[in-house]
Every structure is written in C-alpha cells, then in structure tokens.
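Report on the following structure.
2 protein chains.
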Amino acid sequence: MVPHLTTALNGPLLSLEKSMLNAMPKIEHWFRTQWLDHAAPFYASVDLRNAGFKLAPVDTNLFPGGFNNLNPDFLHLSVQAAMVAVEKICPEASRLLIIPENHTRNTYYLRNVVELANILKQAGMDVRIGSISPEITEPTVLETHDGQPLLLEPVVREGNRLKLAAAKIGDTQLSEFDSCAVLLNNDLSGGIPDILQNLEQNLIPPLYAGWSTRRKSQHFDAYNSVAREFSELLGIDEWLLNPYFETCGEIDFNARTGEDCLAAKVESLLEKIKIKYAEYGVTQEPFVIVKANAGTYGMGIMTVKSPDDVRGLNRKARNKMSVIKEGLEVTEVIIQEGVYTFESINDAVAEPVVYMMDHYVIGGFYRVHTGRGIDENLNAPGSHFVPLAFEKPCTLPDCAGSPDATPNRFYAYGVVARLALLAAAIELQEQDPLNQ
Amino acid sequence: MVPHLTTALNGPLLSLEKSMLNAMPKIEHWFRTQWLDHAAPFYASVDLRNAGFKLAPVDTNLFPGGFNNLNPDFLHLSVQAAMVAVEKICPEASRLLIIPENHTRNTYYLRNVVELANILKQAGMDVRIGSISPEITEPTVLETHDGQPLLLEPVVREGNRLKLAAAKIGDTQLSEFDSCAVLLNNDLSGGIPDILQNLEQNLIPPLYAGWSTRRKSQHFDAYNSVAREFSELLGIDEWLLNPYFETCGEIDFNARTGEDCLAAKVESLLEKIKIKYAEYGVTQEPFVIVKANAGTYGMGIMTVKSPDDVRGLNRKARNKMSVIKEGLEVTEVIIQEGVYTFESINDAVAEPVVYMMDHYVIGGFYRVHTGRGIDENLNAPGSHFVPLAFEKPCTLPDCAGSPDATPNRFYAYGVVARLALLAAAIELQEQDPLNQ
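Going line by line, the protein sequences match chains A and B. Heads up, the first sequence is in full-length UniProt numbering, so the first residue is 1 and it goes up one at a time. Heads up, the second sequence is in full-length UniProt numbering, so the first residue is 1 and it goes up one at a time.
Right under this line is the structure:
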C-alpha cells in the first residue's frame, strides 16, 4: 500500500522524477565522487515533503529513532549497509556500545533500540546497550510496546573509557564490556553530559553532531550548495528540491524580543515563495514553518502564513515555542519555506522518511497522520503518527515504468534524501573542531 | 521450498552450525580483519557440498555465470554490494564494459549476462556488453531463453584501450563507448586472446584469474591455510569444512602417462578419508573426484572409489578426461576428496551455490539434478540442472532457531563460501605478477 499523490499539479515533479531516472548513471557517479571527498554519517534519516510540484527535505536526523518502522523484508539491506559502516569505524573490533535516549518510558522508542541493536548484531557485532539515564542504576530489563525485552545497563566511566560492568541477569552471566566504539542514539538535546566528554573511544556520531551544538541552518546552508551543484548537473530549477530558509538569532519568545526580525523574514520568504508559485502556476497559499534552530521532536514548531501570525503571540503559543525537548530554551529560530504534503492515504496525510546507513539507502516509512493538515509538521509529540513501511527499497527504479510508478517515486526519494545526507556530511566536516 | 537434508548422520554438522551461530560476532570480526589484508575479488560463486557430517566448498568460480538463478526478491542486495564493489574499482567513472563468454548460443548464459548488466545498471553504472567472439562483427541483438533482448557489440581495440564504436540500433543512436574498467565474465579457458593483452584499462578480474593460468590446486592450497586458521578460531576439526586433495602433473590420458601417480594419490587419499569416516562413524564409501587442475564446466571430471578405477581407462573415458572446455588439453589433475551431497528435493540431489560481490554474500541457488547420484558432480554439461533460488539471504541467522533451521543452514553456507572467497583473494594476491 502506497499513499496516493493527490494533486492535479504534479507536472514539475513528474518531470523532475523523469530527469532523475534518465540521469541515473550520472547521478550515481556524481554521488560516488562526492563520497570520496565527504565521509557519510554512520546513520541518518531524512524527512521529506512531496508537494507534487516540489520534493524537498525538511529535516535531517543524525540520531534516527525509527528503525522499528522499517520494512522487515529488507532487514538484510540494513545489515549489509551496517557491515560497510562498521568496517569504516572499527574494522578491527567486534564490540559496540549503544547509548540510547534517556526517555525509557517510550516503548516505541525502545523497540527502535531493539531493532538497531538487532541490525548491528546481524552485521556481526557484539552489541550491548549502555544507559546514561540517572534512572538506570543497575542492569534493567525493559519491555517494548510489543513485548520484546531490552536490557539497559548503566554505563561506567573508567578513566577516559565507557564500560559496562560484569553482571548477572537471570541465569546469564555478562562479562565486563569495553568497546572500541560507542554509538550514540541520543541527540544530546539536553547538552553534552560530563560522562561523554573527552572519551578516548570513537564516539559515533561525534559530539558536535548533537543538538547542543548543531544548528539546522548550518545543515541547510550545506544543503544549498549540494542542491545547487546537483541541480546544475541535471539542468533543473534548484527550487524544485530546495526549500528557502532564513534565520533569526536573539529571539526570546517570553520576553517578546526578536519579533521584528521574525516578522520581516517571514514576509520576505512568503514573497519569494509567491513568485515561485506564480512561475509554476501553484494556487495554494504559501506558508513557512518557524522552528527552533537547534532541537528536534517537533516541539517549538509553528505554521505561519502571514507576518501577523508571529506578532503578538498569546501566552500559550509563546510557551509552546520557547522550550523544546529536555527543557532546552529556544533563542534562535529557522524560518523555512513550508512544503505541502500532497501524499495521503485513507484521508490521512503522509510524509516520507528515508533511512540511510553509511551512504546507502536502507528503506523508509511514511508518517501517516489523521489529525493533521497538509501544511503541518507530522513529527509532533502527543499526536502519534502511524508508520507505514516503504513496500519497496529506494534503490531499484523501474526505468520502463512511468515516472510516478512506486519504485520510481521511491528512487527520487532516495536521491533527495542522499542529497540531504551529503549536506549533513559537509556540515559535520565544517563543524569538526579539528577543521576550525 | 528448501531441500531436505536426508542423512541420519548430521551430528557433526549440526554442532558445526551451532558453533558458527554462537561465534557469529567472532566470525564476522575475523572476516573483517581478513578483508583489511586481502582484497576480495569483484565477484565469485562457490559450489558447496553438504554431506550432513561435513560442509565444504568444492569449486570457486571467479567468473560466475548464474546471476539469472538468484532470487529476484533480493536484487537490491546485489545492487548494494555492486555499489560497494564499483566504488573500489572505479569510483570516479561511470562506464563499464562487460565481456561475456563467446558461447552466444546458450540462451540461459545470455540471461545471466542480462541480469549481471541489470545489477550494475541499477548500481548506477552505464553498462554495455562488448563481445570478443569472432562471430560478433556488428552490433547484434540476441534473445535469451525467456525472450529478453541482449545487445552484443564487437569490441574495438584502439591503442591499449578497448572501446565500442558508435552504432545505430533501430531508432537508438549509441555513442562511442570508452570505459574506465572492463569486467570479464569470460573465464579465458581458451587462453588469453591478444585483444585483451596489455590493456591500460582496469581489467576485472585480472587476466591471471582466468583458467589459462589459474590452477584449482593453488586455490585449495590457499583454502588449506584459511580453513586451518578459521578452525582454530572456532576450535573445530578443520576436516569438517575442508576436503583433502592432491595433484598429479604430467598426465596424458591418451598416451596413458601419469597413471601410476594418479592411482597412488587416489589410494592415499581414500585411505585418509577412510580414517576420518571411521572417526565420525560415517558408513558411506569414501570417494574422490579427479578433475582437470585448470578449467571449468564439469568436463574432465571423474568419480573414483578405487585406484583401479583410474587404471586402464577405456578410450571413451580417456577422451572424456583429456579435453575440457574450448579444447584445452588436460595435463594436470587435482584429486579431491569427494563430499556426498545429502540434500535432496523430490528425489533429486541438490548442491548449493553461493554468490558474492566484493566480500558480501548476495544470495545463491541450488543446482537440482534428477539424473545424477549423490557422489557425482552436478555442474556437468549436457545434463541440465534446475536452479532453485535460495528463499532467504545468507546473512540473517535466526539465533533462536535450531541450528538446521533454514536461515541458519544458509548462514553456515555463507560462512563457508566466504572462506573460499578469502582463499581466492589470497590465491590472486599470490599469483599477481607484481608480487612475484
């Protein structure tokens, strides 16, 4: 089952998908040369929006938390990609410590950790899960929403290494665990805890990939140059796969400082979008998304259709915008062109999410939301989306089929997601303290 | 549908599979470190024999010709592995020329070429098929057994490069084709043609991987050291996955020279096997396979159960043994411990063949033969086998399942096939003229 694309205006997108199909060897060759210069992140997921006239990434997650939503039929694809990724970070080692998020009560998230660990185990790693949550003081078996057990063990710091102590769980005796690398599945929204500072082990992704230092605008700056080069390669309008954006610093929603900057940027962005909509005959109303420049989980996100929408926010809206995950305060925002999602299934809107390991697309899923509009962010807390696993991998276009045949739409998703992945690689290279 | 293992004596094998499952992280880690020192061939297939008490490779093909027999459900796995392989040989190029075998009348083989080209196209390469057959003097569209078209173009040598000339096929205008690399799917049984000598393009596999220079005994010499190290790692008897072998040079079946060497080696091998059979309580009769040390396609192969079998061969048997593919004369033979195949399906014997690209297992199939015995080679000309694609990939053991559950049997196949692949990597390294 694949969501329908419910828009009359899919001319530009069909021609975009068509030019991707025709240029496939050129595209893959271009990616290959890019990966010679830029090391792909260990893993990533990219949220896409498909407006029929435009297909663009709106968020790139370097600590993906939905491995449980991937199609189990393609598990072997993830395993093979994990083998490639593992060979790069720790060819000579076999132990890997995973550090998940601290919110251990989200049993769906726990299922993601089970699945991620499973992929890495199948890739031949000896995997254990080490928690840095203050609640986990001894080895604890938690249960996922579907009844799978997950053993979390408290991480112990010895000198500059993270270890797990020897433990006895039921009848099983676990030995002490000292791994070559530590895989973070924790986006560090709450800052970098001391226990993770100055480790001699290889931390993947690096600490500066966490939200305590990462900025969405740095990512989309890098995406600008990637999208420009790719669009020149294909001879297409870059706007078809790149959303406009602006930033405002020094925002304090509660103290109402920065409102003018925000309103001005919103206005100029809406103006630019209007011109493009006119060029392509799009009749929808332009909108922008205002969100925290650092952070995740769809908190601190607003859909805005007029500069007035950001002036004189009421207390509730200001509270909503001012704090994101882990109580992190919002002081910088990114104002990003909103991309309608015109994919829907049974009247619910759907947004594709593409998963990658190293530089390989391993699958993806749709976030399907019944309670949300086509101009709203679907990765929001509270209102649970229903995941719908991609029924085909994103790597096998059917060149004989129509541009919008499922495998071809998925191929286009894989290409755009890899463009965002490449932007993340460049972003991380630029943010690496060693390069500064 | 998976063949049954029809033997009462599968104790040693079950314990072998079990130790592989338990040691999975250790095994994968060991492979990873091996691949740091030894470059995997671009592609390979390995014929295995599963006797229930023993699981061993009996032939490693560096020019695999059965890509059409793989399960189409796992095509994406081949594509991803091909991406890895291509990145190693030609990261900066996008064109690849495939040179297939000259026997253009085997419409099943042609189907293999279509599938191989398809995998490489899906991996993003610009692929064309160049023939070195004297019959192909102009671009020729052939048809596979199932009606797929395959365009063969005559290869043109310009200086030290192989190219394809510009051509017009129907309404399609093909431009001149100059590729970074040339992929051989031709095992050079008939010797190395002049047109392939001293090319400046990257030839994959290298010319010395062809049967005009390769020797099975060099491969199994390398396999001896691989199997020894692996068996020490697992603490198992190396014999459980390694067939004994000997060689005789200076054989002339027609002039009846070399018979004494052959009979003596047959006798000593049978003796060694007998001792092992007694050790493991195997009641079958030991046998050996006598085959050409260079060459392929199951010509020049004999099942031998007594030294007398190789003395006083009649004219027909001598003729059969003396010449293999492309009229190549047999002067050296390898005498290899025969491994019974106790896998069968509907009363037909079955032999697994595992396919790999770079160092990744991408799938495999069973050769299913109704007209052959459990002690005969199943890759023989004339008597067509029926391919039965593996229904699962070889990379996903089910550690909770019984050792002989299908995914676990397949995992063991993948491990043993990779041992043979590693032996091929070492063999090629040793045979590389640059290392001599």
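Ideal Cβ positions, reconstructed from N, Cα and C, are used throughout, including at glycine.
Comparing alpha carbon positions, the residue from B:K316, B:L233, B:N71, B:N118 closest to B:K392 is B:N71.
Annotation for B:D309: no residue places its beta carbon closer than 6 Å to its own, counting only its chain and skipping 5 residues before and after. Scanning the region 270-328 of chain B from its first residue to its last, the whole beta strand (DSSP E) runs of 3-plus residues come out as 288-292, 301-304. Excluding five sequence positions before and after B:L262, the CB atoms of its chain that fall closer than 6 Å to its own CB belong to C248, V310, given in chain order. Leaving aside the five residues that flank B:L269 on each side, the residues in its chain whose CB is nearer than 7 Å to its CB run, in chain order, Y244, E246, V288, I335, E337. A Cβ-Cβ contact shorter than 9 Å links B:I136 with B:L152. Nearest C-alpha to B:I426 among B:T144, B:I27, B:L36, B:E28: B:L36.
Look at the beta carbons and you see the region 87-102 of chain B touching the region 182-189 of chain B: at least three pairs across the two are nearer than 8 Å. Taking CB atoms only, A:T406 has no neighbour in chain B less than 9 Å away. In the DSSP assignment, A:A423 falls within the unbroken alpha helix (DSSP H) covering 406-431.
A:T303 has its alpha-carbon roughly 51 Å from the corresponding atom of B:F31. Put simply, the region 346-353 of chain B does not touch the region 278-286 of chain B. Fewer than three CB pairs are less than 8 Å apart.
Closer than 9 Å at the C-beta level to chain B, one finds these residues of the region 15-35 of chain A: M24, P25, K26, I27, E28, H29, W30, F31, R32, T33, W35. A:K392: not part of any alpha helix (DSSP H); DSSP gives it neither H nor E. A:V354 is a Cβ neighbour of A:S45, given a cutoff of 9 Å.
Annotation: the continuous alpha helix (DSSP H) that includes B:H219 extends over 216-234. The C-alpha of A:H38 lies about 39 Å from the C-alpha of B:L110. What A:G312 touches in chain B, judged by beta-carbon distance under 7 Å, is nothing: the nearest beta carbon there is about 52 Å away.
Under the Cβ criterion (8 Å, minimum of three pairs), the region 153-162 of chain A counts as touching the region 195-203 of chain A. The beta carbon of A:K121 falls within 9 Å of a beta carbon belonging to chain B, placing the residue at that interface. A straight line joining the alpha-carbon of A:V361 with that of B:E143 spans about 34 Å. Ranked by how close their Cα comes to the Cα of B:G130, the residues B:R95, B:I119, B:Q122 have B:R95 in first place. Listed in chain order, the positions of the region 56-85 of chain B with a beta carbon within less than 9 Å of a beta carbon of chain A are D73, F74, L75, H76, L77, V79, Q80, A81, M83, V84. Secondary structure of B:L116 (DSSP, three-state): helix. Between the alpha carbons of A:P387 and A:H103 lies a distance of about 20 Å. CA-to-CA, the gap between A:P205 and A:P41 works out to about 7 Å.
For A:I192, the secondary structure class from DSSP, reduced to helix, strand or coil, is coil. Residues are counted here when their Cβ sits less than 9 Å from a Cβ of chain B; for the region 111-144 of chain A these are K121, Q122, A123, G124, M125, D126, V127, given in chain order. Only residues of its own chain outside the window of five on either side were considered, and among them P139, E153, L174 have a CB closer than 7 Å to the CB of B:A167, listed in chain order. For B:F31, the enclosing alpha helix (DSSP H) covers residues 24-37.
By the criterion of a C-beta distance shorter than 7 Å, B:E238 is surrounded in its chain by A227, R228, S231, once the five residues flanking it on both sides are discounted.
Residues of chain B with a Cβ closer than 8 Å to the Cβ of A:T395 are, in chain order, H76, V79, Q80, Q122. In this structure, DSSP gives A:A81 a helical state, which the three-state scheme calls helix. Relative to the Cα of B:P352, the nearest Cα in the group B:L55, B:L48, B:A117, B:V416 belongs to B:L48.
A:Q80 is classed as buried because its beta carbon has at least 16 other beta carbons within 10 Å across all chains shown. Residue state for B:R372 is assigned as coil, using DSSP reduced to three classes.
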